[in-house]
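Colleague: Protein chains in written order, with our numbering: chain A, 1154 to 1273; chain B, 1154 to 1273.
2 protein chains.
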Amino acid sequence: MTSPLPRVKLEGSSTRRTCDPNLQLRIASDAAVTFAEAFKALGHPVRLQIFDLISQGLGETCSCDIEQHFDLTQPTISHHLKVLRDAGLIASESRGVWVHHRLNQTIIDSIRSLLSSMHP
Amino acid sequence: MTSPLPRVKLEGSSTRRTCDPNLQLRIASDAAVTFAEAFKALGHPVRLQIFDLISQGLGETCSCDIEQHFDLTQPTISHHLKVLRDAGLIASESRGVWVHHRLNQTIIDSIRSLLSSMHP
DNA sequence: TATCTATATTGATGTCTATCTATAAGTTTG
DNA sequence: CAAACTTATAGATAGACATCAATATAGATA
């Protein structure tokens, strides 16, 4: 995309680079906020593991399935689920007493697409 | 991977689900910590945009290229770069007065691979 | 109706984070 | 060597976050 940076020849052998004019904020501020919220939600070991558990559950994972795997209280797990939900990473649906959680594949695909647009 | 959850038949038409025995922590704790650190680093709008800028720079992006795009002080940008570096997302190399930043493609590929293993 | 169960909410607390100003460290130029 | 420039570090502060105990909500069961 960008070409090697131009350099200003100075006395002797030293060169001085100029600031790269080709770099642009390809991610708009509001998109950056949305994506960052999703990344932040995954940026906690327990939430990442919860998210992975839900991804295995075929849309029927409930909180009690999750709590078993962690040495944390129920309110803490509930909090982490809310963070994932608010970030749009999962959707939750009440089914009687239980709440079933499922992955939001759309946002996962968006993140993967974003990352694939980044190469050095 | 998992099959539909077994249900315990009760009186009438109601059923009661059992806890899903098939869910397992596929992400080990230490891997979860490592991945979460990377996600957390990307979990800030400015850092995500910085990361995108660096991805455009062909390994020659320096801090002054980045500061231009944000209404933040130089120490703050320096801090965000350190967070990205500590998370293994970028590598930085001193070149005279300047420090050149480049993407660590390996970890990006790892994240993409992790996400691709998650489907509902 | 009373009880049990699954989940959510509230409030408290200690820790972490983002940002700034001021300053230091190291490099290049004059 | 001194001045200018790029980046990093230290210290301070306001706000956010993770966690827990206690409690509330609401559906299911007896």
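Cβ atoms here follow ideal geometry from the backbone N, Cα and C, with glycine treated the same way.
Please confirm if Q1227 of chain A has its CB atom under 8 Å from at least one CB of chain B.
Modeller: No, its Cβ sits nowhere closer than 8 Å to a Cβ of chain B.
Colleague: Tell me the rounded alpha-carbon separation between D1239 of chain B and V1252 of chain B.
Modeller: The straight-line gap from Cα to Cα measures roughly 16 Å.
Colleague: Between Q1221 of chain B and C1172 of chain A, is the Cβ-Cβ spacing less than 8 Å?
Modeller: Yes; because the gap between Cβ atoms is below 8 Å, this pair is in contact.
Colleague: Spell out whether any CB of chain A is found under 8 Å from the CB atom of L1206 of chain B.
Modeller: True, the Cβ-Cβ gap to chain A drops below 8 Å.
Colleague: Smallest Cα separation from F1223 of chain A: which of A:R1200, A:E1213, A:G1212?
Modeller: Checking every option, the nearest Cα to that of F1223 of chain A belongs to A:R1200.
Colleague: Quick one: what does DSSP say L1256 of chain B is sitting in, helix, strand or coil?
Modeller: Of the three classes helix, strand and coil, the one that applies to L1256 of chain B here is strand, per DSSP.
Colleague: Does K1162 of chain B pass the burial test, meaning 16 or more other C-beta atoms within 10 Å, or should it be called exposed?
Modeller: Note that K1162 of chain B scores 38 on pLDDT, short of 50, meaning its location in the model is unreliable; the coordinates nonetheless yield the value given after this. Its Cβ having fewer than 16 others within 10 Å, K1162 of chain B is exposed.
Colleague: Rounded to the nearest angstrom, how far is the Cβ of I1230 of chain A from that of S1245 of chain A, given a contact under 8 Å?
Modeller: I1230 of chain A to S1245 of chain A, Cβ: 13 Å. No contact.
Colleague: So with Cβ pairs under 8 Å, would you call K1235 of chain B a contact of chain A?
Modeller: Chain A contact via Cβ: absent.
Colleague: For R1265 of chain A, would you say it is in contact with chain B, using Cβ-to-Cβ distances shorter than 8 Å as the test?
Modeller: Closer than 8 Å to some Cβ of chain B, the Cβ of R1265 of chain A qualifies, so yes.
Colleague: Looking at chain B, is there any beta carbon in it that lies within less than 8 Å of the beta carbon of I1230 of chain A?
Modeller: Cβ-Cβ to chain B under 8 Å: no for I1230 of chain A.
Colleague: Where do the N-terminal and C-terminal ends of the alpha helix (DSSP H) with S1244 of chain A fall, by residue?
Modeller: A quick correction: the sequence has Ala, not Ser, at residue 1244 of chain A. Taken as a continuous stretch (DSSP letters only), A1244 of chain A belongs to no alpha helix (DSSP H), being part of the beta strand (DSSP E) at 1243–1248.
Colleague: Just how far apart, CA to CA, sit G1241 of chain A and T1214 of chain B?
Modeller: For G1241 of chain A and T1214 of chain B, the distance between alpha carbons rounds to 32 Å.
Colleague: Expressed to the nearest angstrom, what Euclidean distance is found between the alpha-carbon atoms of F1188 of chain A and M1271 of chain A?
Modeller: So the alpha carbons of these two residues sit roughly 14 Å apart.
Colleague: Go through its chain and collect everything with a Cβ distance to I1264 of chain B's Cβ below 8 Å, but skip five positions before and after it.
Modeller: Contacts found: F1188, A1191, F1192.
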